[in-house]
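Student:
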Amino acid sequence: MNQIELFDTNSLQEKQHIVNVATVPQRSPFRYAGGKTWLIPRIRQWLLKHGGLNKELIEPFVGGGIVSLTAAFEGLVGQVIMVEKDEGVAAVWRTILEDDAEWLADTIKNFHLTPENARRAIEASDQSLKSLAFATVVKNRVNRGGILADGASFIKQGENGKGITSRWYPETLQKRILAISQMKHKIKFIEGDGFEICEQNAHRRDAIYFIDPPYIKAGRRLYRYSTINHKGLFELADKLQGDFLISYDNTQEVQGLAGYYGFTTRPISMKNTHHAEKTELLIGRDLSWFLG
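For the sequence shown, the residue numbers in the working numbering are 9 to 300.
Here's what the structure looks like:
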């Protein structure tokens, strides 16, 4: 297979507008270092071209789920399938979507957050699916950067010296959880392997895929399940009959894999949690929908 030109060099020279995430509706109960709130305007462009009420969006590495939630809430697709392997993250989605959303929302709202209470809740995570869901929300809110990987530490200073309470917004979380519960007729959650779900649906022309895998550089630091077959992911994408959009870190390895399979790529500017500007890579068969 011939190597293709990876980038439109003219577009690389243009200064891209960086999205202000405050302008995007915040629907997820999670805060994710690798979250895609900043990408939502591009997701809308993509789904206006390739989505529709006759399409099902499959997100095999759903994490905080902002893409799936946006698609469901805004009617950009008919149905959404969210897939997650991490047991804690999966417990949150299952609890919200399997009739215990009100319990989780009320438990969060009535919880008195202190370092001691947070540790107690996290230590009790093995008691039930609901206790694991609550512990995961607590951990996501009190750990530095919202990181759920083993070994992550509590926030020390936080906003205005508030420490672990600086990212604890119980009323906001309650509203988001209950709102998601109201949309559960449009959302199917699967706890499992995203590769397998994509393979099972690869023949479908009415399925589209947003694929946001653990990144090559930062995955191990951010996620519990961070080791994936990156080459295998591109092989899988090549087999999908429906359209797909992949978001990846902008590395030579990723560029090479995209080029090998003849995929189109587009670098996109974003700011990370430290407000440092960087670029990530959007990958698909056809990115003609991408508007400047």
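All C-beta atoms, glycine included, are put in the ideal place defined by N, C-alpha and C. Model, not experiment: these values are computed from the prediction.
Regarding tyrosine 268 and the ligand GDP, is the C-beta to nearest heavy atom distance less than 7 Å?
Tutor: The ligand GDP is not part of this structure, which contains no ligands at all.
Student: Classify serine 296: buried if its beta carbon has 16 or more other beta carbons within 10 angstroms, exposed otherwise.
Tutor: As a position in the sequence shown, residue 296 is number 288, starting the count at 1. Classification of serine 296: exposed, given that the 10 Å Cβ count is below 16.
Student: Count the CB pairs spanning the segment 85-94 and the segment 112-127 that are closer than 8 Å, and state whether there are at least three.
Tutor: No: fewer than three Cβ pairs fall under 8 Å.
Student: Apply the 10 Å Cβ neighbour rule to threonine 103 and answer buried if 16 or more other Cβ atoms are within range, or exposed otherwise.
Tutor: The residue you call residue 103 lines up with position 95 of the sequence shown. Buried.
Student: For a test of the three-state rule: what should DSSP assign to aspartate 257, helix, strand or coil?
Tutor: Looking up residue 257 in the sequence shown gives position 249. DSSP places aspartate 257 in strand when its eight states are reduced to three.
Student: If isoleucine 116 and leucine 181 are in contact, beta carbons under 8 Å, what's the gap, nearest whole angstrom?
Tutor: Residue 116 sits at position 108 when you count from the first residue of the sequence shown. Residue 181 sits at position 173 when you count from the first residue of the sequence shown. Isoleucine 116 to leucine 181, Cβ: 5 Å. Contact.
Student: Would you report the Cα separation of lysine 44 and isoleucine 74, rounded to the nearest angstrom?
Tutor: As a position in the sequence shown, residue 44 is number 36, starting the count at 1. As a position in the sequence shown, residue 74 is number 66, starting the count at 1. Distance between the alpha carbons of lysine 44 and isoleucine 74: 7 Å.
Student: Whole angstroms is fine: what's the gap from lysine 6's alpha carbon to tryptophan 54's?
Tutor: Shown here, the chain extends from 9 to 300; a query on residue 6 therefore has no answer.
Student: Unbroken alpha helix (DSSP H) runs of length 4 or more, entirely within the segment 112-153: which are they?
Tutor: Complete alpha helix (DSSP H) runs here, min 4: 123-131, 137-150.
Student: Identify every residue that forms a DSSP beta bridge with glycine 275.
Tutor: The residue you call residue 275 lines up with position 267 of the sequence shown. First, the residue type needs correcting, since residue 275 is proline and not glycine in the sequence shown. DSSP output for proline 275 lists Leu289 as bridge partner(s).
Student: Count the other CB atoms within 10 Å of the CB of histidine 58; is the residue buried (16 or more) or exposed (fewer)?
Tutor: Within the sequence shown, numbered from 1, the residue matching residue 58 stands at position 50. Under this definition histidine 58 is a buried residue.
Student: Out of His193, Ile172, Val32, Val150, which has the shortest C-alpha to C-alpha gap to alanine 106?
Tutor: Indexing the sequence shown from 1 puts residue 106 at position 98. One point to set straight first is that residue 106 is glutamate, not alanine, in the sequence displayed. Ranking the options by Cα distance to glutamate 106, first place goes to His193.
Student: Quick one: what's got a C-beta closer than 6 Å to arginine 149's C-beta in the same chain, skipping five residues either side?
Tutor: Counted from its first residue, the sequence shown places residue 149 at position 141. Within the same chain, arginine 149 has close Cβ partners Arg175, Trp176.
Student: Out of Asp257, Trp46, Asn118, point me to the one whose CA is closest to glutamate 179's CA.
Tutor: Taking the first residue of the sequence shown as position 1, residue 179 is located at position 171. Of Asp257, Trp46, Asn118, the residue nearest in Cα terms is Asn118.
Student: Among the residues of its own chain, which have a CB less than 8 Å from the CB of aspartate 214, if the five just before and after it don't count?
Tutor: Looking up residue 214 in the sequence shown gives position 206. Result list for aspartate 214: Asn62, Lys63, Glu64, Gly250, in chain order.
Student: For lysine 192, does the three-state DSSP call read helix, strand or coil?
Tutor: Indexing the sequence shown from 1 puts residue 192 at position 184. Three-state DSSP puts lysine 192 in a helix.
Student: Which class does alanine 210 belong to by DSSP, given the choice of helix, strand or coil?
Tutor: Locating residue 210 in the sequence shown gives position 202, counting from the first residue. If DSSP states are grouped into helix, strand and coil, alanine 210 belongs with coil.
Student: Identify which residue in Pro221, Glu67, Glu131 has its Cα closest to the Cα of valine 146.
Tutor: Numbered from 1 along the sequence shown, position 138 holds the residue referred to as residue 146. Nearest of Pro221, Glu67, Glu131 to valine 146, Cα basis: Glu131.
Student: Can you tell which of Thr78, Lys183, Phe218 has its C-alpha closest to the C-alpha of alanine 245?
Tutor: Here residue 245 corresponds to residue number 237 of the sequence shown, with the count starting at 1. That would be Phe218, whose Cα lies nearest to the Cα of alanine 245.
Student: Whole angstroms are fine: how far does the CA of methionine 90 sit from the CA of isoleucine 195?
Tutor: Mapped onto the sequence shown, residue 195 falls at position 187. Mapped onto the sequence shown, residue 90 falls at position 82. So the two alpha carbons sit approximately 7 Å from each other.
Student: Return yes when the Cβ of proline 37 is within less than 8 Å of the Cβ of glycine 202, no when it is not.
Tutor: Position 194 of the sequence shown holds residue 202. Position 29 of the sequence shown holds residue 37. Contact flag unset, no.
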